[in-house]
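My numbering numbers the first residue of the sequence shown as 53 and each following residue consecutively.
Yeah, the Cβ is synthetic: ideal placement off N, Cα and C, and Gly gets one too.
Here is the structure we will look at.
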Amino acid sequence: MKGRWREFKPAEDWSHHVYRGRPAYPARFLEASKFHEPGLAPARDASGAYHITPDGLPAYESRHLRTFGFYEGRAAVHSDDGWFHILPDGSPVYQERYGWCGNFQEGRCPVRLPGGGYFHITAGGAAAYGERYRYAGDFKDGRAVVQRHDGKHTHVDAAGNPVHGRWFQDLDVFHKGFARACDSGGWNHVDVFGKPLYGERFKSVEPFYNGQARVEGFDGSLSVINESGQTLLELRGPAQSHLQRLSDDMVGHWRTQTIHAAVELGVFERLPASAREIEGQARLPCSFGDRLMRALMELGLVWRDADGVYHASGRGGLLMGKGRLSLADAARHWGTESYEAWSGVAEALRTGESSLERLRGKNLFQWMRNRPADLRAYHSAMSAYARHDYQGLAQRVDFTAHDAILDAGGGHGELAFALLRSCPGLKATVMDMPEVVASAKLPADLKGRCRFVAGDLFRKWPIAPDAVILARTLHDWPDQDALRILRRAREAMSKDAALYVIEMVLDDATGRGGLLDLNMLVMTGGAERTAKQFGDLLSQAGFDLLNVTGTGSVSSVIQAKAL
Ligand SMILES: C[S@@+](CC[C@H](N)C(=O)[O-])C[C@H]1O[C@@H](n2cnc3c(N)ncnc32)[C@H](O)[C@@H]1O
């Protein structure tokens, strides 16, 4: 009977299809999945992967590594020479071979080039547009989501044209005229013009079903909202009451100091260990090991097995003393000088003066000059954060346009090292204070491509670069000093040379970065800044702000051009 296959179901062990409770045909396969129009199903046996007819017979002769269902008359297949689409008779739709192929929806299909780069192809296999994206999804209702190389998402139409021109941190296809979208404040719903339906942001939102959507608040509450964002129904209250949340925040230093104590006592290097073993090795009085480990367990930094042995959790593992990504020195920094400085935050807000400088009589960088151990610990912490945060930078910003870069205030050079390893044609100079440069180590694989020079950000710079990076350096200084640094940079650079300022960008809409901003105030008298504040400072120093790109970590890249 024609169309019988529509009632076929894969057998429980996926070795054949079942029709009305009986095997649909005699053949057996290693794997046979669902039938799709025009009555073909992907199947695999010892000869390879192909498609079968409702009689369980091969639809064509060729064999592949893997085959997928037919959509709009074309099926994706993975062969030795790559991915492509075939027609029901097994013939290829086009000559190209891709690194991956999706399925056709609405006459378009996302594909990925072997070296990376997504785009859509037409039913004939031609590129639907010239752009290449970091990711491209399926079409639905005439629109697809694409992700740019800086991580931002938008909607495009079948010809690849922007639908509304708005870019989001994350985005979904349209469902009945609305799409789930995420900006720096969180998730919400947007209309076909990319405009938010309401002001509130959520930790997550579901699509609207018949005018209502389930959403989860940042406080853990669950509710149902309507298309104006009004709450219609509370499904679950906040995970923490106001009292609990406030109480936790008021004793935030308990966490800082428990982590600091565990690092000082070398707890994480001793794991896995029982509380008794920790007590013995760290010389703690009897039962104090239990008290410390219990607190670390509450913080999710260790877990205890059935024998009472403690193990480091994924997060706790980051506090082990050795290792490129260890944050042990960062924990010491937050538990000592940062902790001291924060006790004076109210006074710093009154006077605009760094609390640390008031306590020590010198700014942080001058104070560390004659204290090699503190200088080493500070740069070890900075380098570890740099290794975490700057990893993907070269994938988001194109540094290959430059022959050489200067990383001013570059510390021990981790950012420069990451860029050089991603851009084989690039050379770098790292400039910092003499003591810092003297204690930096150049990795063997970068010899000849990277050098350290001693230089003062506030005095004439010793080299004339065609591209400058200032990473987490301007935030150490108040506006008048940041401007002096930018002017020194401009003076060293030629017209049209590129400047990359890498900093956390404050978001007034959500308050994001507000605590880090206060940290800069108490530590150095510096400040985090909004995109507008960066734009103003840059133009006063003779630069034009070109764009601000997210890096996937806390920092953004503010790209500017010397005027
Ligand atoms: C917060 S750290 C940032 C380090 C690195 N750029 C990063 O992103 O990890 C600031 C850097 O500025 C350097 N610095 C401070 N004052 C300086 C000065 N007057 N001249 C040169 N470098 C200075 C410090 O030594 C330190 O390496």
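Rounded to whole angstroms, the gap between the alpha carbons of Pro324 and Phe340 is 17 angstroms. The residue among Asp518, Leu568, Arg501 with its C-alpha nearest the C-alpha of Asp528 is Leu568.
The beta-carbon separation of Ala95 and His103, rounded to 7 angstroms, stays under the 8 angstroms limit for a contact. Contact check between the segment 451 to 465 and the segment 473 to 482: three or more CB pairs, one atom from each, fall below 8 angstroms, which counts as touching. Bounds of any beta strand (DSSP E) do not take in Asn571; it lies within the alpha helix (DSSP H) bounded by 566 to 576. For Ala325, the pairing in a beta bridge is given by DSSP as Tyr362. Runs of the alpha helix (DSSP H) lying entirely within the segment 259 to 306 and spanning at least 4 residues, in chain order: 294 to 302. The C-alpha of Phe156 is placed about 37 angstroms away from the C-alpha of Asp441. DSSP, read as helix, strand or coil, puts Trp386 in helix. For Thr105, the CB contacts under 6 angstroms within the same chain, skipping 5 residues up- and downstream, are Ala111 in chain order.
Here Asn240 is bridged, per DSSP, to Ala233.
Straight-line measurement puts the Cα of Ile277 at about 7 angstroms from the Cα of Val267. CA-CA distance, Arg346 to Arg402, rounds to 39 angstroms. Between Leu498 and Ala470, the gap from beta carbon to beta carbon reaches 8 angstroms or more. Listed in chain order, the non-local C-beta contacts of Arg115 below 6 angstroms within the same chain comprise Ser99, Gly100, Tyr102, local neighbours out to five positions each way being set aside. Under the three-pair Cβ rule at 8 angstroms, the segment 598 to 613 counts as touching the segment 547 to 559.
The way I'd put it, the segment 484 to 496 does touch the segment 504 to 514; three or more beta-carbon pairs between them come closer than 8 angstroms. Going by beta carbons, Phe171 and Tyr187 fall outside the 8 angstroms limit. For ligand 1, no non-hydrogen atom lies closer than 7 angstroms to the CB of Gly577.
Listed in chain order, the alpha helix (DSSP H) elements of length 4 or more contained wholly in the segment 463 to 507 are 466 to 474, 486 to 491. Counting along the chain, the unbroken beta strand (DSSP E) around Asp596 starts and ends at 595 to 602. For Trp513, the closest of Asn415, Glu466, Thr481, Asp193 by C-alpha to C-alpha distance is Thr481. Of all alpha-carbon atoms in Ala265, Glu543, Gly369, the one lying nearest the alpha-carbon of Arg322 is that of Gly369.
The beta carbon of Glu409 sits closer than 6 angstroms to the beta carbons of Asn415 from its chain, once the five residues preceding and following it are set aside; these are given in chain order.
Here Pro259 is actually not in contact with Arg288; their C-beta atoms are around 20 angstroms apart, not less than 8 angstroms. Distance from the C-beta of Thr603 to the nearest heavy atom of ligand 1 is not below 7 angstroms. For Met556, the shortest C-beta to heavy atom distance toward ligand 1 is 7 angstroms or greater. For Ile610, the enclosing beta strand (DSSP E) has its first and last residue at 608 to 614. For Arg126, the uninterrupted beta strand (DSSP E) segment begins and ends at 126 to 131.
Less than 8 angstroms divides the Cβ of Ala210 from the Cβ of Gly194.
For Asp222, the enclosing beta strand (DSSP E) covers residues 222 to 227. Distances between the C-beta of Gly462 and the heavy atoms of ligand 1 include at least one below 7 angstroms. Thr403: member of the alpha helix (DSSP H) spanning 397 to 403, first to last residue. One alpha carbon belongs to Gly91, the other to Trp66, and they sit about 17 angstroms apart. In terms of Cβ geometry, Arg448 and His227 do not form a close pair [threshold 8 angstroms]. Ligand 1 has no heavy atom closer than 7 angstroms to the beta-carbon of Val609.
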